[in-house]
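Chains A and B, in that order, are what the protein sequence lines are.
My numbering runs 693 ahead of the 1-based position in the first sequence.
My numbering runs 637 ahead of the 1-based position in the second sequence.
We put the beta carbon where it would ideally sit given N, CA and C, even for glycine.
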Amino acid sequence: MSVLLEVNDLSKTYKRKVLPWKSKHITALEKISFSLDKYQTLAIVGETGSGKSTLAKLLAGAEKPSTGEILLDGKAIFTTEHKERCKNIRMIFQDPATSLNPSVSIGQILEEPLKLNTNLTALEREDKIKKTLARVGLLSDYMWHYPHMLSSGQKQRVALARALILDPKIIVADKPFAAMDPSTRSQMVNLLLELQQTFGIAYIFVSHNLNIVKHISDQIFVMQDGKVVEQGKTLEILKAPRHGLTQKLLYSQQMLRKN
Amino acid sequence: MLLDVRNLTVKLNSTNLTINAIDKMSLSMRDGSIHGLVGETGSGKSLFAKALIGTLSDKWTVQADRMFWQGEDLLKLSTDKRRQIINRDMAMIFQEPSRSLDPTVTIGEQINEVIPKSEFQGSIFSRRQERLQIAKNLLIRVGIKHYQQCYDSYPHELSEGLCQKVMIAMAIIRSPKLLIADEPTDAMESTTKIQIMRLLQKLNTQKNMSVLLITHDLESVINYAEEMTLLYSGQSVESGAVKELLKRPYHPYTQNLFKSIPKFNTDTRPKSRLETLPGSTPPLQHLPIGCRLGPRCPRAQKECVYTPKSVKLKGHVFSCHHPINLE
Numbered sequence: 694m695s696v697l698l699e700v701n702d703l704s705k706t707y708k709r710k711v712l713p714w715k716s717k718h719i720t721a722l723e724k725i726s727f728s729l730d731k732y733q734t735l736a737i738v739g740e741t742g743s744g745k746s747t748l749a750k751l752l753a754g755a756e757k758p759s760t761g762e763i764l765l766d767g768k769a770i771f772t773t774e775h776k777e778r779c780k781n782i783r784m785i786f787q788d789p790a791t792s793l794n795p796s797v798s799i800g801q802i803l804e805e806p807l808k809l810n811t812n813l814t815a816l817e818r819e820d821k822i823k824k825t826l827a828r829v830g831l832l833s834d835y836m837w838h839y840p841h842m843l844s845s846g847q848k849q850r851v852a853l854a855r856a857l858i859l860d861p862k863i864i865v866a867d868k869p870f871a872a873m874d875p876s877t878r879s880q881m882v883n884l885l886l887e888l889q890q891t892f893g894i895a896y897i898f899v900s901h902n903l904n905i906v907k908h909i910s911d912q913i914f915v916m917q918d919g920k921v922v923e924q925g926k927t928l929e930i931l932k933a934p935r936h937g938l939t940q941k942l943l944y945s946q947q948m949l950r951k952n
Numbered sequence: 638m639l640l641d642v643r644n645l646t647v648k649l650n651s652t653n654l655t656i657n658a659i660d661k662m663s664l665s666m667r668d669g670s671i672h673g674l675v676g677e678t679g680s681g682k683s684l685f686a687k688a689l690i691g692t693l694s695d696k697w698t699v700q701a702d703r704m705f706w707q708g709e710d711l712l713k714l715s716t717d718k719r720r721q722i723i724n725r726d727m728a729m730i731f732q733e734p735s736r737s738l739d740p741t742v743t744i745g746e747q748i749n750e751v752i753p754k755s756e757f758q759g760s761i762f763s764r765r766q767e768r769l770q771i772a773k774n775l776l777i778r779v780g781i782k783h784y785q786q787c788y789d790s791y792p793h794e795l796s797e798g799l800c801q802k803v804m805i806a807m808a809i810i811r812s813p814k815l816l817i818a819d820e821p822t823d824a825m826e827s828t829t830k831i832q833i834m835r836l837l838q839k840l841n842t843q844k845n846m847s848v849l850l851i852t853h854d855l856e857s858v859i860n861y862a863e864e865m866t867l868l869y870s871g872q873s874v875e876s877g878a879v880k881e882l883l884k885r886p887y888h889p890y891t892q893n894l895f896k897s898i899p900k901f902n903t904d905t906r907p908k909s910r911l912e913t914l915p916g917s918t919p920p921l922q923h924l925p926i927g928c929r930l931g932p933r934c935p936r937a938q939k940e941c942v943y944t945p946k947s948v949k950l951k952g953h954v955f956s957c958h959h960p961i962n963l964e
């Protein structure tokens, strides 16, 4: 059996023209390889500018990688159609308030990916939207609401519904809990874990809250300057961090006592 | 007692109805302490800060049994007198510092603008030199190493952490007795966050400056504050020393909030369900009567449609009809 997601030597460099004949290369992400299975969660932690968001963007297809390949179910993802990728890998963004279009109703927001990626009829689409809203714990009446009528927790649920609506296998989440209250955050964590257990979705989380990371993830990557400096099972790494950065991060969140 | 607010009610007057955005909230602060004010979004934390320093517009009415600042009732004073006291004794910093600084002016000029005239000692001709010296001392005091570079740069050239340090520098210029920090570390990196919190702690111990830390980040309150007050939808839930509250919360909401953080209950397995209350915080136009936690509370009973009175027990103040951990 092949694994769900396999990444080989993925990297990203940006080219910047300093002078017409001279250009400068900036490495945002150095070569990275890993694999992820169903029911698994990978967490990526690190400081600002360490390339964690770049990795998330590469996986979701928002950016083209410089080298390497991504295999989904054993098939290279760039040779398959773009639609296929959209269906299987979906992304949730940091701030739901700004990632939802304020001038469009929730129903239309959710309909958009269905229109673009599937051949469902209008009736089937509506049915699907209602089902997905129910899955994330919202009433189907919310179809007619606009984003400003919802609380921030509900908005994040809508963002999750937009990711779920195409029945993806992998969800990439870029700091989904950064601006959330503790109680809404726990509700969201519960919802995500429940969905993982029922549908076997794999998650890739970019986060800097190690408490939450410790709770939800199986594997962890610690990144610095585009390099993965420490990787492995979450519990083991958080118990005995080797790299200085991991220790610093843990210490800054009072999860490690300085001796 | 530095600050003693009893039964503060803030009303929003609109054309057809009035809403009690803050309903009979009490808070008292000791001299030289760090006091955490914790609540979810929309629970009226920032509103409290604004009511305290008197910057609410005339849409709002502020009533209180008393609002004592070092023995003087702020609400009974004239506007001018009140403004003088607030100007002398209180200062405030905000969340997202890079947005609250003026983007068109350098940091140095912005700091110069807030230096009060009373700080200068020399003649009018030496003002320029003095200004520069005061501004630099301030930047050093908040722990900015490259102060000259910071002095000459614009807000967008600095990181979020540095901007917050500049904000703190501008706030402590008159060495206020109370610094109100309104979500000072919201959406910051954990390493930057700890720097800011350490700085506030240092100012607290060295200058004996009290800090009112308004935040929804329970973890930082637990690590840095000595006392805390919990707020839910504008009603005060429980207040007391942080350690006591952690050990023995009396209000179901407090217990639930502590349980929602995986770190504090070490026995939770990874990927297990976290405990939460069902539902979400009610919007202002649909506030439930009585105890506002009522519809979400697991222990709610018939009496909960009446607003509970606050009870003082072993240094805690809580308002609940059916408290837990009392047996």
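Can you give the beta carbon distance from residue 705(B) to residue 641(B), rounded, assuming they're within the 8 Å contact cut?
Against the second sequence, residue 705(B) aligns to sequence position 68. Against the second sequence, residue 641(B) aligns to sequence position 4. Contact flag correct, Cβ pair sits at about 4 Å.
Looking at the unbroken beta strand (DSSP E) that takes in residue 718(A), where does it start and where does it end?
The residue you call residue 718(A) lines up with position 25 of the first sequence. 715 to 729 is the span of the beta strand (DSSP E), which, as asked, contains residue 718(A).
Among residues of its own chain, excluding the 5 on either side of residue 733(A), which ones have a beta-carbon nearer than 6 Å to its beta-carbon?
To locate residue 733(A), count along the first sequence from 1; it is residue 40. Cβ neighbours of residue 733(A) beyond the five flanking positions: 895, 911.
What separation, rounded to the nearest whole angstrom, lies between the Cα atoms of residue 729(A) and residue 889(A)?
What you label residue 729(A) is simply residue 36 of the first sequence in a count that begins at 1. What you label residue 889(A) is simply residue 196 of the first sequence in a count that begins at 1. Straight-line Cα distance between these residues: approximately 14 Å.
Would you check if there are 3 or more beta carbon pairs closer than 8 Å linking the region 831 to 838 of chain B to the region 933 to 943 of chain A?
no
Do the region 931 to 940 of chain B and the region 840 to 847 of chain B meet, that is, are 3 or more Cβ pairs less than 8 Å apart?
no
Is the distance from the Cβ of residue 870(B) to the Cβ of residue 954(B) below 8 Å?
On the second sequence, position 233 is the one that residue 870(B) refers to. On the second sequence, position 317 is the one that residue 954(B) refers to. Going by C-beta atoms, residue 870(B) is not nearer than 8 Å to residue 954(B).
Proximal residues of chain B, C-beta to C-beta of residue 775(A) below 9 Å:
Taking the first sequence and counting its residues from 1, the one referred to as residue 775(A) is at position 82. Within 9 Å Cβ-Cβ: nothing; residue 775(A) doesn't reach chain B, min ~33 Å.
At 7 Å on the CB atoms, spell out the chain A contacts of residue 656(B), in chain order.
Translated into positions along the second sequence, residue 656(B) becomes position 19. Correct list: empty, because the minimum Cβ distance to chain A is about 17 Å.
Quick test of your reading: residue 735(B) and residue 787(B), contact by CB under 8 Å. State the CB separation rounded to the nearest angstrom.
Within the second sequence, the letter at position 98 stands for residue 735(B). Within the second sequence, the letter at position 150 stands for residue 787(B). Going by Cβ atoms, the distance from residue 735(B) to residue 787(B) rounds to 13 Å, so no, they are not a contact pair.
Close Cβ partners of residue 825(A) (< 6 Å) along its chain, the five nearest in sequence each way excluded
Here residue 825(A) is taken as the residue at index 132 of the first sequence, counted from 1. Answer for residue 825(A): 854, 857, 858, listed in chain order.
Rounded to whole angstroms, what is the Cα-Cα separation between residue 790(B) and residue 745(B)?
Along the second sequence, read from residue 1 onward, the residue named residue 790(B) stands at position 153. Along the second sequence, read from residue 1 onward, the residue named residue 745(B) stands at position 108. Taking the straight line from one Cα to the other gives about 8 Å.
Residues of the region 911 to 937 of chain B whose Cβ lies closer than 8 Å to any Cβ of chain A, in chain order:
911, 912, 913, 914, 917, 918, 920
When we look at the beta-carbon of residue 645(B) and count the other beta-carbons within 10 Å, is it buried (16 or more) or exposed?
For the purposes of this step, residue 645(B) is taken as the residue at position 8 of the second sequence. Burial call: buried.
Please report the straight-line C-alpha distance between residue 649(B) and residue 851(B), rounded to a whole angstrom.
The residue labelled residue 649(B) in the question sits at position 12 within the second sequence. The residue labelled residue 851(B) in the question sits at position 214 within the second sequence. Distance between the alpha carbons of residue 649(B) and residue 851(B): 21 Å.
Just to confirm before moving on: does the CB-CB distance between residue 906(A) and residue 868(A) stay below 8 Å?
Within the first sequence, residue 906(A) is the residue found at index 213, counting from 1. Within the first sequence, residue 868(A) is the residue found at index 175, counting from 1. No, the pair does not count as a contact, with Cβ atoms beyond the cut-off.
Do three or more CB pairs link the region 875 to 885 of chain A to the region 910 to 920 of chain B at distances below 8 Å?
yes
Which same chain residues, not among the five before or five after residue 868(B), have their C-beta less than 8 Å away from its C-beta?
On the second sequence, residue 868(B) is found 231 positions in, with the first residue counted as 1. Result list for residue 868(B): 662, 674, 675, 676, 680, 681, 682, 685, 874, in chain order.
Among 815(B), 940(B), 911(B), 913(B), which has the Cα closest to the Cα of residue 726(B)?
Counting from 1 along the second sequence, the entry for residue 726(B) is found at position 89. With distances taken between Cα atoms, residue 726(B) lies closest to 815(B).
Going by CA-CA distance only, name the one from 765(A), 722(A), 770(A) that's closest to residue 918(A).
Translated into positions along the first sequence, residue 918(A) becomes position 225. Of 765(A), 722(A), 770(A), the residue nearest in Cα terms is 722(A).
Per DSSP, which one or two residues make a beta bridge with residue 782(A)?
Within the first sequence, the letter at position 89 stands for residue 782(A). The partner list for residue 782(A) (beta bridge, DSSP) reads 863(A).
Note the first and the last residue of the continuous beta strand (DSSP E) segment covering residue 896(A).
Looking up residue 896(A) in the first sequence gives position 203. Element bounds for residue 896(A): 895 to 899.
With a threshold of 8 Å between beta-carbons, can residue 802(A) be considered close to chain B, or not?
For the purposes of this step, residue 802(A) is taken as the residue at position 109 of the first sequence. Closer than 8 Å: no.
Within 9 Å of chain B by C-beta, residues of the region 705 to 719 of chain A in sequence order:
none
Measure from the C-beta of residue 950(A) to each C-beta in chain B and report whether the shortest distance is under 8 Å.
By 1-based counting over the first sequence, the position of residue 950(A) is 257. Residue placement at residue 950(A) is flagged as unreliable, the pLDDT there being 47, under the threshold of 50; a coordinate-derived value is accordingly withheld.
Can you give me the Cβ contacts of residue 787(A) inside the same chain, cut-off strictly under 6 Å, excluding the 5 residues immediately before and after it?
For the purposes of this step, residue 787(A) is taken as the residue at position 94 of the first sequence. Answer for residue 787(A): 867, 868, 871, listed in chain order.
With DSSP run on the structure shown, which of helix, strand or coil describes residue 653(B)?
Along the second sequence, read from residue 1 onward, the residue named residue 653(B) stands at position 16. Correct three-state label for residue 653(B): coil.
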